[in-house]
Every structure is written in C-alpha cells, then in structure tokens.
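Numbering (the numbering used here), first residue to last: 7 to 252. As structure tokens, the structure follows; a few thoughts come after it.
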C-alpha cells in the first residue's frame, strides 16, 4: 500500500499479557507462517457489525497495526494472571476450537478486578512477513468511526474507520503503521473457553519467543492449547473459513 485505504480497520498494539510488543509480533509472524498467511490478533472489544457493513462497499478491508505511543498500563505489562483462549463462538452461538496453529492470550481480569468473560480476535491474512517495514502513518484527526462518522474515542484501541481525506490535519499524535494485513471471513470472532496459564506454561512461552525458536513453536502451541481441553469428536463446521490459502 502506498496510501491509506478509504476504509480500514485500525488497531493500536502494545504490551499485553505480560509480553512485550516485540515478542508478540514475533510469535504472530510464526503463526502467520504456519497458517499459510492466517493469524489471529487478540483485541479487547467487539467490532459489532461494522466489519460486515464496511465490506458491503465491495472493497477488501485492510487492518493496519500501529504501536501505541503511551506506555502500557501495569495491568497489561505485568498482569497477575494470564489466560489462553481455546475456542470461538460462531454467528449461530456454537462453540468451535480455534485453528490448531493459533494461540491467543490475554490478561485474566478487567480493570475492575472481575474475571474477563469475553475477548475477541481479528481474523487476518497476509502473504508478507510482519517484519516488513511499514511506510504509512495514521493521523487520528483525519479518521472517524465508519458507522457513525464521529471521531474515535480516547479508549478506542481497535475500530473500523473512514479516512476523511477532505479534512485538514490537526497538529497532534501521528501513529506509524508497523505492518498491515487483510481481514478475512468471519473478520473477527468472540473467543471463549479461557484457561489460566500455569507458571510453567508462561515460562515456556516466554523462553521460546525470547530465544527465537521458530522451529519448536508448533509444539509449544500444541502443548499449551491441548492442556485441559476436552476431546472433540466433531470438526468445526466453519473451519473451512480459515483454510483458504493464497
């Protein structure tokens, strides 16, 4: 991409689940490679029907990833507990396991201290390495929410937006785009079946990503994902949505 799309999904990324951003991107690149381009990016809020609405324009919907400018909150950079999400819920309310190469984690609690019951993920595909340098940037003053045309709220980390090219830039924060991908059906999913990661599992995850051991990543994902998962006798009905290759 040489310029920002007219409509796109924008997400700001930072430390999460006690992992530094650099390590999260590293393992997401391994995930992308193992999945023939497919990877899931965890987000804390629902996109509602905005992704489907934006797709009706007939354009593919890109998702742009920008590092947060502000320092991560302690609840994200050093949470007391971390969970791994094993399943997703489809549009009919049925629960299915995530594709076997996918690993999505999050902190276990909300800022209020209550347990997180929901988490979400963008369903992304890219033929390019996530380490490919980006050349674009996003000026928040030049974009607005796709459905409402209102400016993004301060707490909106991920949103479907319009690029308001007619407006003039307002001096403020500019966010570089580290990499981009394309949203693919079902665009985003609500995750389910969270399980607290043990200290041993967290150490295994950290050591693997820090050492750059891509060759062992599939085994690590399998080990973490299968722990405590009940056997399933039926293949997910809509797994084919994730099996399309370039």
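Using N, Cα and C, we set each Cβ at its ideal position, and we do this for glycine too.
Cβ-Cβ distances below 8 angstroms link residue 222 to 214 in the same chain, with the five nearest sequence neighbours on each side left out; the list follows chain order. Look at residue 103 here: in three-state DSSP terms it is strand. Contact between residue 185 and residue 140 holds: their C-beta atoms lie close to 6 angstroms from each other, under 8 angstroms. Per DSSP, the beta-bridge partners of residue 165 are 16.
Assignment of beta-bridge partners to residue 48 by DSSP yields 127.
Under the three-state reduction of DSSP output, residue 195 falls in the strand class.
Checking the DSSP bridge columns, you'll see residue 187 partnered with 69. Look at residue 149 here: in three-state DSSP terms it is strand.
Relative to the Cα of residue 85, the nearest Cα in the group 210, 30, 191, 113 belongs to 113. For residue 111, the uninterrupted beta strand (DSSP E) run begins and ends at 110-113, by DSSP.
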